[in-house]
Amino acid sequence: RFVEESASLAGPDVVTNYIVVPTENKLEATISFTAPTKTVAGDDLTENLTKVDVLRDGEVIKTFEDVAPGTELSYVDNDRALTIGAYSYQVVAYNAAGKGLTSDAITAHISVVFEVPYVADFSNEETFNQFQVIDANNDHATWKWEDMAKYAFCEHHDTNAANDYLVSLPIHLEARKHYVVTANVNAFGYGHEERFEVVLGRAASASSLTMKLIQPTVITSEFAADYEATFTVPVEGNYYIAIHGISDAAKY
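Taken in order, the sequence shown gives residues 7 to 258; the numbers are from our numbering.
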């Protein structure tokens with residue numbers, strides 16, 4: 007298997023049972039894992055680990071020292087500096103031989119629940135970064151933020167149709183109450199026929215975002231216009247709203 011260049015073969019293997027769970031409606035996440043019991047080379051660890059580091063966005067935020075192999079550990083990251091957005095977490099263990107294997111990164115989206123009226127202004131990058139981007143067809147052509155013009159846009163792909171979601175923060179909605187959703191969108195320019203829809207779901211995932219609020223709509227004008235729809239939800243709870251880019255291939 008692949009061994010990262012900085013890891014020692016006698017160092018600890020990667021941690022197991024590694025999960026990151028954001029706390030609902032709080033700016034925090036819990037990182038849980040089991041300390042390794044083997045070396046990178048596959049031998050049993052017979053001595054305690056010197057330390058295990060938890061990293062957020064590449065920086066160490068917590069160090070566990072003198073850890074017995076196989077110990078179950080967890081850490082609540084509730085740093086006051088945390089803001090709404092996405093954070094990447096990793097864990098790496100060390101022993102007397104040196105650094106072990108670093109875990110794969112897990113991205114956690116940390117947020118609080120919003121009440122209506124809720125407005126997202128994509129003229130600033132901070133708002134865009136609070137949204138989750140789902141590149142459902144994994145073609146790396148997806149929603150991005152344009153720094154010069156200051157707007158969010160769905161990047162085109164020469165051969166793949168778009169299947170990309172720009173997902174809001176959770177919004178609390180009440181059952182059978184009428185709500186209005188509005189999207190202000192435009193095409194790249196005349197001659198670029200594009201399509202979008204606005205969808206709703208109980209989770210920020212493509213499989214959950216299935217309730218159509220604004221039906222698939224073709225846009226051709228380079229001038230932004232408002233598109234809106236009225237909707238209700240069957241049960242009270244927290245919901246996610248997403249703009250779903252569904253343009254054909256080679257369309258912006």
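Here a beta-carbon is modelled for each residue, glycine too, at the ideal position from N, C-alpha and C.
Among the options, which has the Cα closest to the Cα of residue i?
{"i": "Phe39", "options": "Val191, Ile67, Thr77, Gln221", "result": "Thr77"}
{"i": "Ala209", "options": "Ala235, Phe159, Leu175", "result": "Leu175"}
{"i": "Ala2", "options": "Ala181, Tyr24, Val173, Ala230", "result": "Residue 2 lies beyond the residue range present for the chain, which begins at 7 and ends at 258; the question has no answer from this structure."}
{"i": "Asn23", "options": "Ala35, Pro42, Gly17, Glu30", "result": "Pro42"}
{"i": "Leu55", "options": "Ala87, Val27, Tyr100, Ala35", "result": "Tyr100"}
{"i": "Val122", "options": "Asp63, Asn244, Ala256", "result": "Asn244"}
{"i": "Asp232", "options": "Pro240, Ile220, Glu242", "result": "Ile220"}
{"i": "Ala74", "options": "Leu88, Thr52, Asn84, Thr89", "result": "Thr52"}
{"i": "Glu200", "options": "Thr223, Ala189, Thr216", "result": "Thr223"}
{"i": "Gly195", "options": "Thr226, Phe120, Phe70, Glu71", "result": "Thr226"}
Given that a residue counts as buried once 16 or more other Cβ atoms are within 10 Å of its Cβ, and exposed if not, what is residue i?
{"i": "His163", "result": "buried"}
{"i": "Thr238", "result": "exposed"}
{"i": "Ile25", "result": "exposed"}
{"i": "Lys156", "result": "exposed"}
{"i": "Val9", "result": "Because the pLDDT of Val9 is 49, which lies under 50, any placement of that residue in the model is unreliable, and the number read from its coordinates should be weighed accordingly. So Val9 ends up on the exposed side."}
{"i": "Leu15", "result": "exposed"}
Less than 8 Å between the beta carbons of residue i and residue j, yes or no?
{"i": "Lys150", "j": "Glu132", "result": "no"}
{"i": "Ile249", "j": "Val204", "result": "yes"}
{"i": "Thr236", "j": "His184", "result": "yes"}
{"i": "Ile140", "j": "Asp170", "result": "yes"}
{"i": "Ala92", "j": "Phe128", "result": "no"}
{"i": "Val187", "j": "Glu234", "result": "yes"}
Quick one: grab the DSSP three-state call for residue i.
{"i": "Glu121", "result": "coil"}
{"i": "Asn143", "result": "coil"}
{"i": "Phe237", "result": "strand"}
{"i": "Ser253", "result": "coil"}
{"i": "Asn190", "result": "strand"}
{"i": "Leu79", "result": "strand"}
{"i": "Arg201", "result": "strand"}
{"i": "Thr113", "result": "strand"}
{"i": "Val9", "result": "Confidence in Val9 is poor, its pLDDT being 49 and thus under 50, which makes the residue's placement unreliable; the coordinate value appears in the next sentence. Coil at Val9, not helix or strand."}
{"i": "Ala92", "result": "strand"}
{"i": "Arg86", "result": "coil"}
{"i": "Gly64", "result": "coil"}
Taking only runs of the alpha helix (DSSP H) that begin and end inside the segment 123–185, which ones reach a length of at least 4 residues, in chain order?
Qualifying alpha helix (DSSP H) stretches, in chain order: 131–136.
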